[in-house]
Amino acid sequence: MRALVWHGKEDIRCDTVSDPEIEHPRDAIIKVTSCAICGSDLHLFHNFIPAMMPGDIMGHEMMGEVVETGSEMNGRLKKGDRIVVPFTINCGQCDQCKRGNFSVCERSNRNKDMADKAFGHTTAGLFGYTHLTGGYPGGQAEYLRVPFADETHIKVPENLTDEQVLFLGDIFPTGWQAAVHCDIEPTDTVVVWGCGPVGQMTIRSAVLLGAKQVVAIDCIPERLSMAEAGGAITINFQEESVVERLNELTGGKGPEKCIDAVGLESHVSMGQPDTLLDRAKQMVMLESDRPHVLREMIYVCRPGGIISIPGVYAGLVDKIPMGMAMNKGLTFRMGQTHVRRWTDDLLRRIEEGQIDPSFVITHTVSLEEGPEMYKVFRDKQDSCIKVVLKP
Ligand SMILES: NC(=O)c1ccc[n+]([C@@H]2O[C@H](COP(=O)([O-])OP(=O)(O)OC[C@H]3O[C@@H](n4cnc5c(N)ncnc54)[C@H](O)[C@@H]3O)[C@@H](O)[C@H]2O)c1
Ligand SMILES: [Zn+2]
Ligand SMILES: [Zn+2]
């Protein structure tokens, strides 16, 4: 089959590889009908997340048709079913899965020993996301093996298009969880840093959850326009002061809720000297991530407020003002998304027409065009916001 394969930093190719096979009775194979490139894939593209190996198949946002199942589906999944695959593989039976903490499933990471060492305790297996989370082949491919498929799937009805439901596997529940983590009240100002695909889903979730005002920060005009169309007040951080504007919008008190939808690759700019220092430290391996947004959120957040972090961090960050965070009594909530925890509710909201997540798609291309689209998406060329691939 054809698949997008990681060969090294900024080197992804569309190769011919072997078809996946059933390896366990709880596996299923799907024929991928649509998949997408995620901001998290850019961190792998730039080799910021350790434990990728040449030959690894990329992709963790995908859907398709079940073409084969193992013998232990317990009636949950059959050939011909149309499913979206959550990027977090979950067994459904361990203590964490029973609590709905699917992204920290205790059984789905087949490299548990490595993860135990790196994180103290293992987290879930993820598709196409390094050997630290199981080294599972991803879904930017014609076919995908889904482990624990009897639990790791979202069945979707035929009357909705791929584009309407594809993002149930990642960015929609990710934006939703980030907003839910804020315990939004009708009096709240919710600020979202980053207007990429995750930021866009977060903004619309915060609006649906009834925030008084949602403020969106980025420096890319078309992303800010999309945020505005979703109901946000926008700030271009290259044109105005984030701190001053947020104080203006909150009567000098600061926003109650702050969401980091940027993660470890915050823009490096002269106007934000700390980002220059982070970049320099990254180059000499003194720091792995660029946490400008975390610093800014801690500074602007109203005392007693909540900091929610869906943006991915990989390792070690410097100069996080813990004294400020502690004395202001801030609450931090974060994590890879517990996808299945949210998707029944979110599918219902799509069916009811409360939201149509396909609004974020700007490019639909073939799998062969995938390697080029990684660059287009990374560089925001051609007003690119979200890329869907059709294998
Ligand atoms: N928690 C999860 O389960 C989960 C799931 C999906 C994605 N993510 C993460 O969410 C993050 C965003 O993903 P995406 O697909 O939207 O990626 P993206 O790269 O398209 O978007 C990031 C956006 O942040 C903006 N940005 C950069 N520096 C900024 C700053 N200082 N202030 C404000 N905006 C800034 C960029 O211009 C860009 O528009 C990534 O870190 C990704 O790994 C997490
Ligand atoms: Zn993702
Ligand atoms: Zn589990």
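Residue numbers (the numbering used here): 315 to 705. A virtual CB, placed ideally from N, CA and C, is assigned to each residue, including glycine. Owing to the predicted nature of the structure, the values given are computational and were not obtained by experimental measurement.
Take the Cβ of residue i as the centre, count every other Cβ of all protein chains shown within 10 Å, and call the residue buried at 16 or more, exposed below.
| i | result |
| --- | --- |
| E553 | exposed |
| S580 | buried |
| E611 | Note that residue 611 is Met in the sequence shown here, rather than Glu. It counts as buried. |
| T657 | buried |
| G334 | Residue 334 is actually Pro in this sequence, not Gly. Buried. |
| M640 | exposed |
| R609 | buried |
For residue i, verify whether its CB is less than 6 Å away from any heavy atom of ligand 1.
| i | result |
| --- | --- |
| T651 | yes |
| T444 | no |
| I721 | The requested residue 721 does not occur in the structure, where the chain is confined to residues 315 to 705. |
| I531 | yes |
| C349 | no |
| W490 | no |
Do residue i and residue j have their C-beta atoms within less than 7 Å of each other?
| i | j | result |
| --- | --- | --- |
| C572 | I621 | yes |
| Y450 | F441 | yes |
| G448 | R424 | yes |
| P685 | R327 | yes |
| V346 | M367 | no |
| V504 | V528 | yes |
| V702 | A342 | no |
| F401 | D464 | no |
| W490 | D574 | no |
| I336 | G384 | yes |
| G577 | G513 | no |
| E570 | D502 | yes |
| Q478 | S672 | yes |
Quick one: is the Cβ of residue i within less than 6 Å of any heavy atom of ligand 3?
| i | result |
| --- | --- |
| R709 | Nothing in the structure corresponds to residue 709, since the chain is present only between 315 and 705. |
| N388 | no |
| N415 | no |
| N404 | yes |
| C408 | yes |
Residue i and residue j look like a contact to me (Cβ under 8 Å); what is the Cβ gap, rounded to whole Å?
| i | j | result |
| --- | --- | --- |
| R655 | F416 | 6 Å |
| R518 | I669 | 6 Å |
| A530 | C496 | That belief does not hold up - the Cβ atoms of A530 and C496 are roughly 14 Å apart, past 8 Å. |
| Y457 | I344 | 7 Å |
| V674 | K700 | 4 Å |
Per DSSP, which residues does residue i bridge with? Please list them.
| i | result |
| --- | --- |
| S583 | Q586 |
| M510 | Per the sequence shown, the amino acid found at residue 510 is Gly instead of Met. G510 pairs with nothing; no bridge assigned. |
| V380 | I344 |
Compute every distance between the C-beta of residue i and the non-hydrogen atoms of ligand 2, then say whether any falls below 6 Å.
| i | result |
| --- | --- |
| C352 | yes |
| D370 | no |
| D502 | no |
| D484 | yes |
Quick one: is the Cβ of residue i within less than 6 Å of any heavy atom of ligand 4?
| i | result |
| --- | --- |
| F551 | The ligand content of the structure shown is limited to ligand 1, ligand 2 and ligand 3, which means ligand 4 is not among them. |
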